[in-house]
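Per full-length UniProt numbering, the sequence shown starts with residue 1, numbered consecutively.
Ideal placement from N, C-alpha and C gives every residue a C-beta, glycine not left out.
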Amino acid sequence: MSSPSPTSSVAAPCAAGPAAPARSPAPMSARPVRLALCLAPLLVAGCWAAANRPVVSEGVRRLVAADPGWLLAGAGCTCLTWVAASCVRQGALPDRVPAGLLLASQCAAGAANHVLPGGLGAHAVTLRFLRARGVPLDRATASIGLYSLARSAAKALLLLVFLAVSPAWRRLADLVPDGPELVPAAAVAGGVVTGAGVLLTVVRPLRRPVTGLVRTALADVRAVHARPGRALALWGGALAMPLVQAGALACVGASLGLGLPWPQVVLAFLAAGTAVGAVPAPGGIAVDAALVWTLAAFGAAPAAATATVIGYRLVTDWLPILPGALVLSALVRAKAL
1 MSSPSPTSSV AAPCAAGPAA PARSPAPMSA RPVRLALCLA PLLVAGCWAA
51 ANRPVVSEGV RRLVAADPGW LLAGAGCTCL TWVAASCVRQ GALPDRVPAG
101 LLLASQCAAG AANHVLPGGL GAHAVTLRFL RARGVPLDRA TASIGLYSLA
151 RSAAKALLLL VFLAVSPAWR RLADLVPDGP ELVPAAAVAG GVVTGAGVLL
201 TVVRPLRRPV TGLVRTALAD VRAVHARPGR ALALWGGALA MPLVQAGALA
251 CVGASLGLGL PWPQVVLAFL AAGTAVGAVP APGGIAVDAA LVWTLAAFGA
301 APAAATATVI GYRLVTDWLP ILPGALVLSA LVRAKAL
């Protein structure tokens, strides 16, 4: 009886073993996309600064000579915005979450807002935080929708109140575009709503999750408003947040000698934020441009208005980036996100 050859003994295990899977090509890295999103606001701001060099240089000169006391008060208002945001987040959710961690997550969410437009960065951080606290995905998503709805409704209500009590609303009428200029915006809005309706009607796999999310949102809205503490936190925080943000702008304006009374500064902030707040521009570039335009329409010098908006962005966004990023990193290390 002959023994098997070495060649066959080596080949047999190779034939019996599973074939090695083919190595798939590496996916395209998302780093260039993230880099482009981060640099887009800087590019837009740089182009605008180059086109308005005299105004920007005068604004920077005014900012260097600003009153530090008022700037410190503006920084305090910035910290209060995190408290107001935490109140709205808790009020939009029937589940109880730790107050300290929730406040820290809103501090970290401010840093994330510089990467994604339209507040998506803050919503993403909050969603991860709520999921880490054991909140189901549908309820966490519904709370984010209620948070956004409450903030928009509160800002619109405050704008109507300030328009009713302030005589400066007549100057805003010059900034409102004429009827023919509103046709493209109305057409785009109508197209988006129609497209969403057609998509939900035609694509059946989307219908069930969307319907379930709407049911969860309605149930949570009833649960929140059945508890007076939650309802007070939701709507009280939603009303306080734009007022605190406008207070930061007014403090910066006072430090620079803007020359406008505080009610007009608050009205300008509410009008600019309501008009272009939905524009998906990273870093609040669209709101900044509208804010400079609105302050100038109320009678502020263009250089002073530009310096005020730059100082406001410095106090509320740029300076808190480092502590916000550190808090975000600490939350990730603590597995709170």
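inquiry  = Check whether the region 259-276 and the region 322-336 are in contact - that is, three or more C-beta pairs closer than 8 Å.
reply    = With a cut-off of 8 Å, the region 322-336 and the region 259-276 do not count as touching, because too few Cβ pairs lie within range.
inquiry  = Here's the rule: buried if 16 or more other CB atoms are within 10 angstroms of the residue's CB, otherwise exposed. What is residue 311?
reply    = It counts as buried.
inquiry  = residue 102 and residue 143 - do their beta-carbons sit closer together than 8 Å?
reply    = For residue 143 and residue 102, no; Cβs fall outside 8 Å.
message = DSSP three-state label for residue 119, please.
response = Three-state DSSP puts residue 119 in coil, outside helix and strand.
request  = Counting only the same chain and skipping the five closest in sequence on each side, list residues whose C-beta sits under 7 Å from that of residue 181.
outcome  = Only weak support is given to the placement of residue 181: the predicted model assigns it a pLDDT of 49, under 50, and the value that follows is read from those uncertain coordinates. Excluding the 5 residues flanking it on each side, residue 181 has no same chain C-beta neighbour closer than 7 Å.
query = Does the separation of the CB atoms of residue 244 and residue 71 fall below 8 Å?
reply = Cβ atoms of residue 244 and residue 71: not closer than 8 Å.
query = In three-state DSSP terms, what is residue 138?
reply = Helix, per DSSP.
key: Cut-off 8 Å between Cβ atoms - residues of its own chain near residue 270, not counting five sequence neighbours on either side   = Hits under 8 Å: 155, 158, 159, 162, 242 and 246.
key: Segment contact, 8 Å Cβ cut-off, at least three pairs: the region 230-239 with the region 209-220   = The region 230-239 and the region 209-220 do not touch, with fewer than 3 CB-CB distances between them shorter than 8 Å.
query = Could you give the C-beta distance for residue 304 and residue 256, rounded to a whole number, given that I count them as a contact under 8 Å?
reply = About 6 Å; that satisfies the 8 Å criterion.
task = Could you pull out every residue in the same chain whose Cβ sits closer than 8 Å to the Cβ of residue 335, ignoring the five residues on either side in sequence?
result = Excluding positions up to five away in sequence, the list reads 132.
message = Are the CB atoms of residue 141 and residue 89 within a distance shorter than 8 Å?
response = No. Outside cutoff.
query = If we count the other Cβ atoms within 10 Å of its Cβ and call it buried at 16 or more, is residue 329 buried or exposed?
reply = Counting the other CB atoms within 10 Å of its CB gives residue 329 a total below 16, which places it among the exposed residues.
key: Selected residue, minimal CA-CA separation from residue 226, among 53, 91, 66 and 64   = Ranking 53, 91, 66 and 64 by Cα distance to residue 226 puts 91 first.
ask   = Near residue 223, what residues of its chain come up, given a Cβ to Cβ distance below 6 Å and the 5 sequence neighbours on each side ignored?
value = The answer, listed in chain order, is 94.
key: Boundaries (first-last residue) of the alpha helix (DSSP H) holding residue 294   = Residue 294 -> alpha helix (DSSP H) spans 285-297.
query = Closest to residue 80 by CA distance: which of 337, 331 and 315 is it?
reply = The shortest C-alpha separation from residue 80 is found at 315.
ask   = What residue from 83, 313, 317 and 272 has the CA that sits closest to residue 99's CA?
value = If we check each option's Cα against that of residue 99, 83 comes out closest.
key: Nearest to residue 165 (by Cα), restricted to the options 267, 301, 85 and 47   = With distances taken between Cα atoms, residue 165 lies closest to 267.
task = Check each candidate in 96, 75, 147 and 139 and name the one with the smallest Cα separation from residue 119.
result = Of 96, 75, 147 and 139, the residue nearest in Cα terms is 147.
message = Assuming contact is defined by CB atoms lying nearer than 8 Å, are residue 128 and residue 337 in contact in what I supplied?
response = Yes, these two residues count as a Cβ contact at 8 Å.
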